[in-house]
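First comes the structure, then the notes that go with it.
Residue numbers (the working numbering): 6 to 516.
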C-alpha cells in the first residue's frame with residue numbers, strides 16, 4: 006500500500022513532520038490555499054517589473070554586479086545565466102534522502118508567497134520529489150551566505166532541463182529524465198532563479214538529517230552506558246532523582262530517569278548492594294546524566310532553531326505582495342544554522358568521548374574486575390585491545406571535527422559578501438562525526454555485552470537483557486580471537502537502524 010500523501014502547509018512544518026520527511030517516501034502535495042498566494046505574488050512582481058525601477062536580482066546583476074541594469078527583454082536570460090554560472094559545486098553528490106529534504110524545504114519556503122515565484126515553480130519541484138527525480142548536488146561549494154548558492158543552483162538546473170538527476174540510483178541527464186516522467190522544463194521568469202538559489206535549505210537539511218541521527222545516537226548511548234554500568238558492577242546511586250532535581254537541568258533530570266529505568270530490576274546490581282568496598286565509580290559511569298543531559302539540551306536547542314529555519318523565507322530580496330514591495334535584507338545568512346550545527350557537533354563529540362572512556366574501563370581488568378581485554382586466555386588472545394584503540398582514534402578525530410565552523414569566514418564576491426556563516430560545512434561535517442560516534446557506541450555495545458556474559462548466571466535488567474539479546478542474535482560471544490571488524494559493523498547497524506533503542510521496550514528521552 007502506498008503511503009498517504011503529506012499535505013505541505015507552507016510555514017507550518019513541525020519537527021515530527023521534518024523527521025518523517027527526512028526518512029519517508031510519502032508523496033508531497035501542496036496545500037491548495039498556497040497556489041492562490043503564489044499566483045498573487047507573481048502578479049505583484051509583474052507590477053513591480055512594469056514600473057521599471059531598479060530592483061536587485063530582478064532587473065540588475067548579482068552581488069558585486071548589482072549596479073548593472075538589465076533590459077526587460079533579457080530578464081529571462083538573466084535568471085537562466087544565474088543558475089548556470091552558480092552551479093559550480095564540487096565533490097561527491099549528496100545522497101537522495103538529503104536532496105529530497107532540500108527540495109521539500111525549498112518548496113516550503115517559496116510557497117509562503119514572499120519570493121515572487123509562480124505556482125509552476127513549486128509544483129515542478131514537488132513533481133520531481135514525487136517521481137523520485139533527485140538533482141545531482143555536489144557536497145562542497147557553499148559558504149552559507151548569500152544562501153547555499155552553488156548547491157541550490159545544481160538543484161535548480163533540473164527545473165530548466167539542465168544538469169543531471171538520479172532516478173533509482175542511476176544518473177541521467179535532467180532533460181531526458183523529465184521527458185520520461187512526463188514533465189517539461191520551465192523557462193524562469195524575473196527573480197525566479199534568484200529565489201531558487203538564495204536560501205539556507207541545503208545547510209538546514211544537512212543539519213536536520215544529522216540532528217535526527219544524533220538523537221538516535223543519544224538514545225543508544227543511554228543503553229550502552231547502562232550496560233557498561235552493570236558490566237562494571239557500578240552503582241545506581243548517582244542516578245537518584247533527588248540529586249538531579251536539586252540541579253534543575255531538564256536534560257540531566259530526564260537522562261537520570263532513563264538510566265534508572267534501564268537498570269531497574271538488575272540482579273547484577275542487587276548482587277553487590279552490600280560488601281562492595283568501592284566508594285565512587287569513575288566519572289564515565291557516575292556522571293552520565295550530567296554529560297548526556299547536557300547533550301540532550303544542546304540537541305533540543307538545535308531542534309528548535311532548525312524547525313524555525315525549515316519554515317523560513319530565506320531568499321533575497323523578500324517580496325511583500327500586499328504593498329508591491331521588494332526589500333533587500335540578509336535572511337540568506339545561515340548563522341543560526343551554523344551555530345546550532347556546531348552545537349550538534351560538540352554533543353556528538355561528547356557522546357562518543359564518554360562512551361570511549363567506558364570501553365577503556367571495561368577492557369582494563371584493574372578497573373572493571375573483568376578478564377583483561379574482555380577475553381579468556383588473554384595473551385594468546387588480544388580480545389578487545391585494538392577495538393578500544395579504534396574507539397579512541399574515532400573519539401580523537403571527532404574532537405578535531407568539533408572545532409566550530411561558525412567562527413570562520415572568508416569574504417566572497419569581491420568583498421561585497423564580506424562575512425559568511427560556513428553553515429553548510431558546519432552541517433555537512435556532522436555526517437562524519439555521527440558515523441564516528443555510531444562506531445564508538447558499537448564498540449562499547451560489544452564490550453558491555455561481553456562483560457555481562459562474564460557475570461552470568463547473574464542477569465541484568467529486563468531492558469538490558471533485551472538489548473543484549475538483540476546483539477547476540479547476530480554476534481556471538483567473543484570466545485577466542487576472530488576477525489573483529491564484522492562485529493563492529495553489525496553492532497553499528499543495530500544502532501543506526503534504531504533496533505537497539507527499540508529492543509529495550511522503553512520510551513527514552515528525545516528531541
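For every residue, glycine included, the Cβ atom is placed at its ideal position computed from N, Cα and C.
As assigned by DSSP and simplified to three states, the class of residue i
i, result
"residue 403", "helix"
"residue 411", "coil"
"residue 424", "coil"
"residue 368", "helix"
"residue 97", "strand"
"residue 175", "strand"
"residue 330", "strand"
"residue 277", "coil"
"residue 342", "helix"
"residue 185", "helix"
"residue 74", "strand"
"residue 385", "coil"
"residue 395", "helix"
"residue 264", "helix"
"residue 40", "helix"
"residue 140", "strand"
"residue 442", "helix"
"residue 145", "strand"
"residue 304", "helix"
"residue 430", "helix"
"residue 13", "strand"
"residue 35", "strand"
"residue 19", "coil"
"residue 65", "strand"
"residue 91", "helix"
"residue 318", "coil"
"residue 159", "helix"
"residue 134", "helix"
"residue 337", "coil"
"residue 417", "strand"
Counted within 10 angstroms of its Cβ, other Cβ atoms place residue i as buried (16 or more) or exposed
i, result
"residue 523", "Outside the displayed span of the chain (6 to 516) sits residue 523, for which this structure offers no information."
"residue 171", "buried"
"residue 288", "exposed"
"residue 389", "buried"
"residue 69", "exposed"
"residue 298", "buried"
"residue 517", "Missing from the structure shown is residue 517; the chain here goes from 6 to 516 and no further."
"residue 313", "exposed"
"residue 12", "exposed"
"residue 7", "exposed"
"residue 415", "exposed"
Same chain only: Cβ atoms within 7 angstroms of residue i, ignoring 5 sequence neighbours per side
i, result
"residue 310", "341, 345"
"residue 516", "20, 220, 304, 305, 308"
"residue 146", "93, 94, 95, 155, 156"
"residue 467", "270"
"residue 326", "45, 46, 49, 118"
"residue 348", "303, 306, 307"
C-beta contact flag for residue i and residue j at 9 angstroms
i, j, result
"residue 84", "residue 198", "yes"
"residue 234", "residue 293", "yes"
"residue 89", "residue 158", "yes"
"residue 450", "residue 352", "no"
"residue 501", "residue 319", "no"
"residue 227", "residue 514", "yes"
"residue 247", "residue 295", "no"
"residue 78", "residue 339", "no"
"residue 428", "residue 411", "yes"
"residue 447", "residue 493", "yes"
"residue 430", "residue 150", "no"
"residue 163", "residue 182", "yes"
"residue 260", "residue 200", "no"
"residue 475", "residue 511", "no"
"residue 343", "residue 225", "no"
"residue 484", "residue 381", "yes"
"residue 486", "residue 373", "no"
Own chain residues within Cβ distance below 8 angstroms of residue i, not counting five before or after
i, result
"residue 10", "31, 32, 33, 34"
"residue 469", "228, 231, 232, 235, 267, 268, 271, 457, 509"
"residue 334", "321, 322, 323"
"residue 127", "35, 39, 43, 112, 115, 116"
Own chain, CB closer than 6 angstroms to residue i, minus 5 neighbours either side, in chain order
i, result
"residue 214", "27, 103"
"residue 459", "375"
"residue 39", "15, 116"
"residue 407", "350, 351, 354"
"residue 302", "256"
9 angstroms Cβ cutoff, residue i in contact with chain D
i, result
"residue 206", "Of the protein chains in this structure there is only one, and it is not chain D."
Continuous alpha helix (DSSP H) assignments of at least 4 residues falling wholly in the stretch 189-261:
If you keep only unbroken alpha helix (DSSP H) runs of at least 4 residues inside the stretch 189-261, you get 197-202, 206-236, 246-252.
In the stretch 450-506, which residue ranges form an unbroken alpha helix (DSSP H) of at least 4 residues, counting only runs that do not cross its ends?
Scanning the stretch 450-506 from its first residue to its last, the whole alpha helix (DSSP H) runs of 4-plus residues come out as 467-477, 490-501.
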